[in-house]
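For the sequence shown, the working numbering assigns the number 70 to the initial residue and increments by one for each residue that follows.
C-beta atoms are modelled at their ideal positions from N, C-alpha and C, and glycine is treated no differently.
As the structure is a prediction and not an experimental result, all values here were calculated from the model.
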Amino acid sequence: MKRTIFYLVLILAFATTGIVQTSAQKEVKYGQYNGLPRQDQAMKKWRENRFGQFIHWGLYAIPGGVWEGKTYSYAAEFLKSSAKISDETWDALANDFSIEKYDPKEWAKIAKNMGVKYVTITTKHHEGFCLWPSEYTEFDIENTPYKKDLLREFVDAYTAAGIDVNFYYSVLDWHHPDWRYDIENTEDEVAFERLKEYTQNQLVELVTRYPEVKGLWFDGTWDKSWKKNGLFSYELEKMLKDISPGLVVNSRMRADEYGARHFDSNGILMGDYESGYERRLPDPNNKEVLTRDWECCMTIPENQWGYHKDWTISHVKSPLELIEMLVQCTSQNGNFLLNFGPMGNGDIRKEEREVAKEIGAWMKQNSEAIYGCGPAGLVKQDWGFYTHNDKTGKVFMTVFNNPVSGKYRVRLNKGQTLQKASFINNQKEALKIEQISSTDYFVVPEKVNSQQPFVIILEILNKESGKFHQKALT
Ligand code: H76
Numbered sequence: 070m071k072r073t074i075f076y077l078v079l080i081l082a083f084a085t086t087g088i089v090q091t092s093a094q095k096e097v098k099y100g101q102y103n104g105l106p107r108q109d110q111a112m113k114k115w116r117e118n119r120f121g122q123f124i125h126w127g128l129y130a131i132p133g134g135v136w137e138g139k140t141y142s143y144a145a146e147f148l149k150s151s152a153k154i155s156d157e158t159w160d161a162l163a164n165d166f167s168i169e170k171y172d173p174k175e176w177a178k179i180a181k182n183m184g185v186k187y188v189t190i191t192t193k194h195h196e197g198f199c200l201w202p203s204e205y206t207e208f209d210i211e212n213t214p215y216k217k218d219l220l221r222e223f224v225d226a227y228t229a230a231g232i233d234v235n236f237y238y239s240v241l242d243w244h245h246p247d248w249r250y251d252i253e254n255t256e257d258e259v260a261f262e263r264l265k266e267y268t269q270n271q272l273v274e275l276v277t278r279y280p281e282v283k284g285l286w287f288d289g290t291w292d293k294s295w296k297k298n299g300l301f302s303y304e305l306e307k308m309l310k311d312i313s314p315g316l317v318v319n320s321r322m323r324a325d326e327y328g329a330r331h332f333d334s335n336g337i338l339m340g341d342y343e344s345g346y347e348r349r350l351p352d353p354n355n356k357e358v359l360t361r362d363w364e365c366c367m368t369i370p371e372n373q374w375g376y377h378k379d380w381t382i383s384h385v386k387s388p389l390e391l392i393e394m395l396v397q398c399t400s401q402n403g404n405f406l407l408n409f410g411p412m413g414n415g416d417i418r419k420e421e422r423e424v425a426k427e428i429g430a431w432m433k434q435n436s437e438a439i440y441g442c443g444p445a446g447l448v449k450q451d452w453g454f455y456t457h458n459d460k461t462g463k464v465f466m467t468v469f470n471n472p473v474s475g476k477y478r479v480r481l482n483k484g485q486t487l488q489k490a491s492f493i494n495n496q497k498e499a500l501k502i503e504q505i506s507s508t509d510y511f512v513v514p515e516k517v518n519s520q521q522p523f524v525i526i527l528e529i530l531n532k533e534s535g536k537f538h539q540k541a542l543t
């Protein structure tokens with residue numbers, strides 16, 4: 070009986086998270102503790118932003134994937150490990166971090182023109198070098214020729230441009246003597262306790278020194294040592310949110326007491342949104358992702374986050390491919406975080422400027438289909454992706470594939486009628502609509518742009534309520 074009540078209480082508790090649990094529950098102490106999805110203002114803003122810029126910048130930007138004349142094709146930010154460079158040699162790169170071309174206002178302008186609403190910058194990547202003057206290490210910006218707090222300048226410039234700033238932080242630290250992959254003996258345990266203290270101190274320092282920060286993006290949390298410290302990550306997340314109310318934290322930070330990551334041992338998402346979609350997207354028909362917040366982080370080349378001198382070593386995505394990913398994410402309730410790897414001198418490479426410009430040009434025409442939008446609750450069609458703005462009730466069709474028939478199929482839900490279709494940039498002029506059945510229609514524009522993805526706005530009326538399509542039917 071007691072057991073039954075226990076399960077009942079658990080099931081009720083989980084029902085409020087919006088995730089239906091069918092299997093038996095495990096007792097999890099350090100799992101999720103927020104009701105998800107979060108509905109406070111900060112989280113709503115995070116969700117409405119939809120499009121963000123990731124920035125990977127550190128000492129690895131100086132060699133840019135090339136060491137002693139040899140080009141390493143693996144991710145440039147891993148060069149220390151790929152080229153087996155000694156700590157001393159790597160640490161000495163700090164002496165060359167003069168970043169004379171660093172112009173955060175220009176960076177922010179590029180980002181703004183691209184159309185991003187938030188940015189996530191690596192405050193410390195696996196190499197351990199800190200972009201801010203940290204009280205807890207010498208391996209930071211203060212001990213470079215630049216000396217100044219580049220992170221402060223960055224936060225100011227992006228904030229002034231109206232872009233929300235988030236911090237990436239790697240727990241894994243190749244520079245810190247106390248970092249351990251695993252905890253196998255007492256010595257490891259003692260060392261890792263110090264690493265935990267260092268991590269906590271630095272994170273408290275970051276959210277305190279830069280109160281503008283909106284979110285934290287944890288990485289390097291897959292090691293056994295971290296997985297054995299579920300309680301610590303649980304308490305740390307709470308502590309940081311106490312200091313910085315509204316803080317949005319990715320799922321990658323946490324492990325529960327059984328070592329389960331992202332999702333606790335009962336399958337409940339930890340943190341505020343899922344950050345497992347790295348360089349990949351969910352299947353376009355995946356319905357599960359519609360029920361939660363998530364973010365996909367993406368590189369422009371195949372697998373380069375930090376600056377790599379040679380982009381010809383892998384496929385480089387075109388702006389059109391990237392726009393398609395952004396729209397797909399929005400259509401499935403996810404955010405899209407597109408990575409940039411600034412150069413060792415502080416400049417932004419011309420290829421990235423070009424990508425930013427082209428995406429920006431598209432966003433200027435079509436961003437209404439992105440910001441504040443989410444899933445439309447309509448069956449996906451082959452021409453592309455639907456998105457939906459819950460506040461206006463507008464449904465957007467972003468077309469990536471033109472049918473040879475010139476007819477764009479729309480299948481509504483029962484009880485809905487299609488009132489009107491128009492191009493986003495010419496909403497006064499209605500496009501021709503052919504009704505096929507009680508639910509199916511063709512939108513038949515006379516002429517379409519076949520060079521760029523384009524957006525058609527649909528006005529869908531719910532017959533019973535007499536209102537426009539309001540809620541995404543998930
Ligand atoms: C592996 C790995 C790291 N995670 C990505 C987000 C990059 O930071 C990459 O270096």
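| Query | Result |
| --- | --- |
| Would you check if the distance between the CB atom of ARG263 and the CB atom of ARG221 is smaller than 9 Å? | no |
| What are the start and end residues of the alpha helix (DSSP H) that includes TYR303? | 299 to 312 |
| Under the assumption that LEU395 contacts ILE439 (Cβ atoms under 8 Å), give the Cβ distance between them as a whole number of angstroms. | 7 Å |
| Leaving aside the five residues before and after TRP452 along the sequence, list all residues of the same chain whose C-beta is less than 8 Å from its C-beta, in chain order. | MET466, VAL468, PHE469, ASN470, ASN471, PRO472, TYR477, ARG478 |
| With DSSP collapsed to three states, give me the class of THR277. | helix |
| In terms of residue numbering, what span does the beta strand (DSSP E) encompassing TRP286 cover? | 284 to 288 |
| Tell me which residues share the same chain as LYS296 and place their Cβ nearer than 6 Å to its Cβ, disregarding the 5 neighbours each side in the sequence. | ALA324, GLY328 |
| What I want to know is whether the C-beta of TYR342 ends up closer than 8 Å to one or more non-hydrogen atoms of the ligand H76. | no |
| Which two residues bound the contiguous alpha helix (DSSP H) that contains TYR227? | 219 to 229 |
| Using the Cα positions of THR213 and GLY127, report the straight-line distance between them to the nearest angstrom. | 12 Å |
| Under the rule that 16 or more other beta-carbon atoms within 10 Å means buried, what is VAL259, buried or exposed? | exposed |
| Is it the case that the CB of CYS366 approaches a heavy atom of the ligand H76 more closely than 8 Å? | yes |
| Going by other Cβ atoms of all chains shown within 10 Å of its Cβ, with 16 needed for buried, is TYR102 buried or exposed? | exposed |
| Throw me the rounded Cβ distance for the TYR227 and GLY121 pair, which I believe falls under 8 Å. | Not really, about 11 Å apart at Cβ, beyond 8 Å. |
| Please check the pair GLY413 and TRP363, which I expect to be a contact at CB under 8 Å, by giving their CB distance rounded to whole angstroms. | Not confirmed; about 33 Å, so no contact. |
| Note down, one range per segment and in chain order, each beta strand (DSSP E) of at least 3 residues found wholly within the segment 177 to 223. | 187 to 193 |
| Can you check which of these residues, GLY375, GLY197, LEU359, is closest to PRO106 by C-alpha distance? | LEU359 |
| What do you reckon, are the CB atoms on ASP233 and LYS310 nearer than 9 Å? | no |
| Quick one: using the 10 Å Cβ neighbour count with 16 as the cut-off for buried, is THR381 buried or exposed? | exposed |
| I need the DSSP call for SER294, collapsed to helix, strand or coil. | helix |
| Tell whether a beta-carbon distance below 9 Å holds between PHE261 and TRP243. | no |
| Using the rule of at least 16 other Cβ atoms within 10 Å of the residue's Cβ for burial, across every protein chain shown, is GLU207 buried or exposed? | exposed |
| Cβ of PRO514 within 9 Å of Cβ of ILE526? | no |
| Output the distance between the C-alpha atoms of ARG349 and SER155, rounded to the nearest integer angstrom. | 33 Å |
| Give me the Cα-Cα distance between LYS193 and THR255, rounded to the nearest whole angstrom. | 27 Å |
| Looking only at its own chain, which residues have a Cβ that is under 8 Å from the Cβ of ASP209, when we skip the five neighbours before and after it? | PHE198, CYS199, LEU200, TRP201, PRO202, SER203 |
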